[in-house]
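Chemist:
Numbering (the working numbering), first residue to last: 8 to 554.
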């Protein structure tokens, strides 16, 4: 995985998924974009939660094991505020981008809320407008669609004004609730999700986390929500080894590219790069040499300004938009070259017009796309030598938790108890429920000192049993009774009667040094009352029965 990341460090897709193990740990995965245009996992981390310090630990481990992290240029995530802030601090030189699919999902869910009071027509129009905003190619187009969004939001309620600026909107008491929400949560961070803001960012065409989601679907064929944690780890390691073996097979596969439309230059390129990069180059190449007309001039020595004269709907360039081409490196300022790291149609056109020996400058292809570079870096005999390590995240004792955080933390413990109780027999389940209810009452009334006192005293109640003729004695486990349970002694004694069969009787003997039975169970005057059906005293037995 380290070698994979060293070869393809430019773009990372990061997210977490659930449903991979019975312990409910989440798989927090990092994915790179390989030479074939596929996603390749470069780290898996099993996280008990997604707290800030847990995420920091997982990311720092990744950075420690992958020195090439400094070459990361962009990271795609969904809109997780904690994850966003952690990644910004960990990768200060990388552009953090939001998955555009999730952006549209969040906006559509917000519009569907009854809080805003939109009609069905407004909802349909707003959903279409969100697509226009997310994929707006220029700032002018974005502002145009933004004005239409404001008009739709205020339609039928008040006359919207196109002259409002953001400062006035925030101070306007009559501002529609959705307009205020969109301005605060989305307008203020366009660089994270809007297409025109990420035109100079290396994304390799990744605007969503679809590659990661697709790979998780394959991974979950090997793991499920009922696996133990160690089984989950072993399955992930096995899956990863299969994926890396498949990648190596593809890298060293001997192929001869045959394409009826490829000329001599394209055939040469096809033997240098993978099929994914070759198809991208071919589209640019055919457009430059056959389908379009450009005008260019040398504004400085070795620097050319080029723009398209085509008004065709199939044109890859917008009218009157000029791009800059540098002759010494044959690089261009256009969207394709900036985001894909491949030579573009503008470079091809100028080289063709200059009647250079080759239209495609293969000697300047980025190394990440060259099969020879990948093959030379892969060592098939290399095996991982480091031992498997478990890293604990530091506790964050200084921060104050909000109600959502408190709920999540408490719910983790409650869910764990519920999972355990679900596997009990009915008798044990009823006993556990009685205890659970008593703890619930203590927490509800904030009588926490009773729980603390239970931890310090812990008197042990020994439940002895006698059996009738022919009866078998069941094994019972240890049970410790705390002061917090005293008020429910009658319920507990009833539970003992339910747990032990009616043909047997029970008696309780106090084992603590400083307490007698009357102190612990004041409602029980003597031992005989615990054995009303017994003609003879109950003999002591060294068996403990859970209450």
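Each residue gets a CB set at the ideal place from its N, CA and C atoms; glycine is no exception.
(1) Need the endpoints of the beta strand (DSSP E) that residue 366 sits in, please.
(2) Under three-state DSSP, which class holds residue 305?
(3) Any idea what DSSP makes of residue 349, helix, strand or coil?
(4) Which of the three DSSP states, helix, strand or coil, is assigned to residue 23?
(5) Report the rounded CA-to-CA distance for residue 326 versus residue 340, giving the unit in angstroms.
(6) Going by the beta-carbon positions, is the gap between residue 93 and residue 53 smaller than 8 Å?
(7) Compare the C-alpha of residue 423 against each of 364, 30, 143 and name the closest.
(8) In or out: residue 33 buried (at least 16 other Cβ within 10 Å) or exposed?
(9) Residue 82: which of 40, 111, 112, 418 sits nearest, CA to CA?
(10) Can you tell me whether residue 20 is buried or exposed, with buried defined as 16 or more other CB within 10 angstroms of its CB?
(11) Starting from the C-beta of residue 24, find all residues in its chain whose C-beta is less than 6 Å away, skip the five residues before and the five after it, and write them out in chain order.
(12) For residue 39, list the residues DSSP reports as bridge partners.
(13) Could you spell out the range, first to last residue, of the beta strand (DSSP E) harbouring residue 83?
(14) Would you be able to state if there are at least three C-beta pairs under 8 Å between the segment 144–155 and the segment 108–126?
(15) Counting along the chain, where does the alpha helix (DSSP H) carrying residue 425 start and finish?
(16) Can you grab the Cα-Cα spacing for the pair residue 37 / residue 229, in whole Å?
(17) To the nearest angstrom, how far is the alpha carbon of residue 10 from that of residue 383?
(18) What residues in its chain sit with their C-beta under 6 Å from that of residue 330, if we drop five residues either side in the sequence?
(19) Just mark residue 440 as buried or exposed, buried being the case when its beta carbon has 16 or more other beta carbons within 10 Å.
(20) Whole angstroms are fine: how far does the CA of residue 91 sit from the CA of residue 192?
(21) Under 8 Å, do residue 555 and residue 283 count as touching if we go by C-beta distance?
(22) Could you check which residue in 418, 162, 270 has the C-alpha nearest to that of residue 292?
(23) According to DSSP, simplified to helix, strand and coil, what is residue 473?
(24) So, with DSSP's three-state summary, where would you put residue 33?
(25) For residue 49, which residues from the same chain have a beta carbon less than 6 Å from its beta carbon, with the 5 sequence-adjacent residues on both sides left out?
(26) Spatial neighbours of residue 375 within its chain, please: CB distance less than 8 Å, with the 5 preceding and 5 following residues excluded, ordered by chain position.
(27) At what residue ranges does the segment 90–163 contain a whole run of the beta strand (DSSP E), taking only runs of 3 or more?
(28) Express the C-alpha separation of residue 278 and residue 243 in angstroms, rounding to a whole number.
(29) Along the chain, where does the beta strand (DSSP E) containing residue 332 start, and where does it finish?
(30) Less than 8 Å between the CB atoms is what I'm expecting for residue 196 and residue 28, so what's the real figure, rounded?
(31) Find out if the Cβ-Cβ distance for the pair residue 136, residue 113 is shorter than 8 Å.
(32) With a CB to CB cut of under 7 Å and the five nearest residues on each side skipped, what residues in its chain are close to residue 309?
(33) Just to confirm the assignment, what range does the beta strand (DSSP E) spanning residue 289 have?
(34) Could you tell me which residues DSSP pairs with residue 339 in its beta bridges?
(35) Distance, Cα to Cα, residue 484 vs residue 419?
Modeler: Reading off the structure:
(1) Going by DSSP, residue 366 is part of no beta strand (DSSP E) at all; its letter is neither H nor E.
(2) Strand, per DSSP.
(3) coil
(4) strand
(5) Across the structure, residue 326 and residue 340 are spaced so that their CA atoms are roughly 16 Å apart.
(6) no
(7) 30
(8) buried
(9) 40
(10) buried
(11) So the list reads 34, 223, once near-sequence residues are dropped.
(12) 47
(13) 81–84
(14) no
(15) 410–429
(16) 18 Å
(17) 12 Å
(18) 313, 339, 340, 341, 353
(19) exposed
(20) 14 Å
(21) No statement about residue 555 is possible, as the shown extent of the chain runs from 8 to 554 and does not include it.
(22) Looking only at 418, 162, 270, the smallest Cα-Cα distance to residue 292 is reached by 270.
(23) Low confidence applies to residue 473: its pLDDT is 41, below 50, so where it sits in the model is not reliable enough to give any reading.
(24) strand
(25) Excluding residues within five positions, the ones whose Cβ falls inside 6 Å are 8, 11, 12, 37, 39.
(26) 14, 15, 17, 42, 348
(27) 102–105
(28) 34 Å
(29) 329–333
(30) Not really, about 34 Å apart at Cβ, beyond 8 Å.
(31) no
(32) 333, 334, 335
(33) Unbroken run through residue 289 is the alpha helix (DSSP H), 282–293; no beta strand (DSSP E).
(34) BP columns for residue 339 point to 332.
(35) Confidence is the limiting factor: at residue 484 the pLDDT is only 41, short of 50, which leaves the residue's position unreliable, though a coordinate-based value still follows. One C-alpha to the other measures close to 27 Å.
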